[in-house]
Ligand code: MG
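This is how it looks when you write it as structure tokens:
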């Protein structure tokens, strides 16, 4: 069931989104070769708590295997749900960061992919195309249109470069919970509801340089490309109004 949000609730989600993007602005300069991903996660968790929020990703999933961190940090062939660890970021890595904040019961969700140091041309292109996929997906999110327009915009663009768009994982409704209805696919499939005022969704293309097929790693969380190719991931939380669509999370700006 899709839970539409009223203006006041969207104000709350927007505040959560602005906090998340503000945290990312300070985090981005720390994502450099040599840093352990667990250090980035600890830093983010501390920042979020000091700002009065709660890390929305920490503890999600089953009781038996809850997600143990505040950020998902996925490197190279890891698509999403990478678990922060003592692994050091290396020069040339493609590093995807995904996080969310619960601020007074309102949830935000945003992801981006950083090029650590000097990356190969293939990685740079994949990252640029994935970012553009997100932009085109948001451009297709309009009141009155059908949801799968987003998937057509995302996959249509990525396919022209021969990249594989992940279809087994999707964007989603967000705001009261981290994952709500509707599912927001990046490749057209499944339910195709009409988008209406008060719909708040996370659009999040995950694009592979090779096959779109993915697998789950033995840790039960990390999604990896089946053919070991590279993957990039960009996400915004957006709100749909009758006359406009607002991106609630801020644009990521790389300062290096
Ligand atoms: Mg998401």
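Residue numbers (the working numbering): 43 to 298.
Note that beta-carbon positions come from the ideal geometry of N, C-alpha and C, so glycine has one too.
(message) For residue 217 and residue 141, I'd like the C-alpha separation in whole angstroms.
(response) In a straight line, the C-alpha of residue 217 is about 14 Å away from that of residue 141.
(message) Can you list, in chain order, the residues of its chain with a C-beta nearer than 6 Å to that of residue 107? Leave out the 5 residues immediately preceding and following it.
(response) Hits under 6 Å: 262.
(request) Locate the beta strand (DSSP E) running through residue 241, then write down its first and last residues. (result) Boundaries of the beta strand (DSSP E) harbouring residue 241: 241-245, taken from the DSSP string.
(request) List in chain order: all unbroken beta strand (DSSP E) runs of 3+ residues lying wholly within the segment 122-177. (result) Whole beta strand (DSSP E) segments, 3+ residues: 136-141, 143-145 and 152-157.
(message) For residue 123, which residues in the same chain have their Cβ closer than 6 Å to its Cβ, ignoring the five residues on either side in sequence?
(response) Taken in chain order, the residues that qualify are 114, 263, 264 and 265.
(message) Residues in the same chain with beta-carbon distance under 7 Å from residue 153, minus the five sequence neighbours each way, listed in chain order, please.
(response) The residues are 138, 139, 140, 246, 275, 276 and 277.
(request) Check each candidate in 120, 144, 279 and 63 and name the one with the smallest Cα separation from residue 258. (result) Closest in alpha carbon position to residue 258, among 120, 144, 279 and 63, is 120.
(message) Any heavy atom of the ligand MG closer than 8 Å to the beta-carbon of residue 281?
(response) Taking 8 Å as the cut-off, one finds no heavy atom of the ligand MG near enough to the beta carbon of residue 281.
(message) Suppose you measure from the CA of residue 235 to the CA of residue 194; what does that come to, to the nearest Å?
(response) If you take the alpha carbons of residue 235 and residue 194, they lie about 14 Å apart.
(request) Per DSSP, which residues does residue 213 bridge with? Please list them. (result) DSSP, once it has assigned bridges, lists 226 as partnering residue 213.
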